[in-house]
Ligand code: DC
C-alpha cells in the first residue's frame, strides 16, 4: 500500500508522513532530502547550482543510505538550493527509480514531496495534498529553525517560501500540484496532532 503526500514547503507534510508511517507500520521517505542531498554535493564541490550536468551526475551517484545523518541537509540554505536543482528533468529522472522501489516496500510506504501523487506513484492507494497559508508555513519554519539554533528573520523565511512556491509550482517538469484524485487538507488552523487525526480520517475513509 502507498500513501502519497504532496504539498508546498513547510506545509507539515514531513511530520504527517512520519506519523502516518508509524501508525501503519510503513516505511517513510521524505523525498525532499534526495534533492537536498544533490544540492549539497554541488555546494560541497564548489560547483554552481545551475550546472545541470553536475547535478545529474550527483543524482545518479547519490548515496541514499545516509540521508538522515546530516542536519545541514534540513537547513534553510539547502531547501532553496534543492528547489533549484530539482527543476532539471535529468535530475528528477535519476531519482525516480529509487523512489518507486521505496514505494513498493511491503507492507507499505509513505512518500512525501511535490510530485508523488502525480509522477512518482500515480497509482498510490491514497493521495493527500497538504497546504497552509505562506504566512503560517513561514511561522512554522521559523520555529523549527530556531529550535535547531538557526536564527533567520521571519520576513526572510516568508520571502524564501514565496520564492520556492513560485519556482516549484511553475517549473516545466513535475510542477507542484495536487493530483486530480488527491484529497486536500488545509492545515493553516491545525496543529500537528489535529493534522494527523484529520489525515488519518481521510486515509481510513479512502481505504475502507
Ligand atoms: O520538501 P523540501 O522542502 O525538503 O524540498 C526541497 C526542494 O526539493 C523543494 O523546494 C522542491 C524539491 N522537491 C521536488 O522537486 N520534488 C519532491 N518530490 C521533493 C522536493
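Residue numbers (the numbering used here): 1 to 208.
Note that beta-carbon positions come from the ideal geometry of N, C-alpha and C, so glycine has one too.
message: According to DSSP, simplified to helix, strand and coil, what is residue 194?
response: Here residue 194 sits in helix by DSSP.
query: Any chance the CB of residue 162 is under 7 Å from a heavy atom of ligand 1?
result: no
query: Should residue 2 be counted as a contact of ligand 1 given a C-beta to heavy atom distance under 7 Å?
result: no
task: Please report how far the alpha carbon of residue 54 lies from the alpha carbon of residue 47, in whole angstroms.
output: 8 Å
task: Please check the pair residue 3 and residue 124, which I expect to be a contact at CB under 8 Å, by giving their CB distance rounded to whole angstroms.
output: 7 Å
message: Below 8 Å, how does it come out for the stretch 86 to 99 and the stretch 9 to 19: are there three or more Cβ pairs, yes or no?
response: Below 8 Å, too few C-beta pairs join the stretch 86 to 99 and the stretch 9 to 19 to call them touching: fewer than three.
field: Residue span of the beta strand (DSSP E) that contains residue 161, given as start and end
entry: Note, residue 161: premise wrong, no beta strand (DSSP E); alpha helix (DSSP H) at 154 to 170.
- request: Look at the alpha carbon of residue 65 and the alpha carbon of residue 201, and state the distance between them as a whole number of angstroms.
  value: 32 Å
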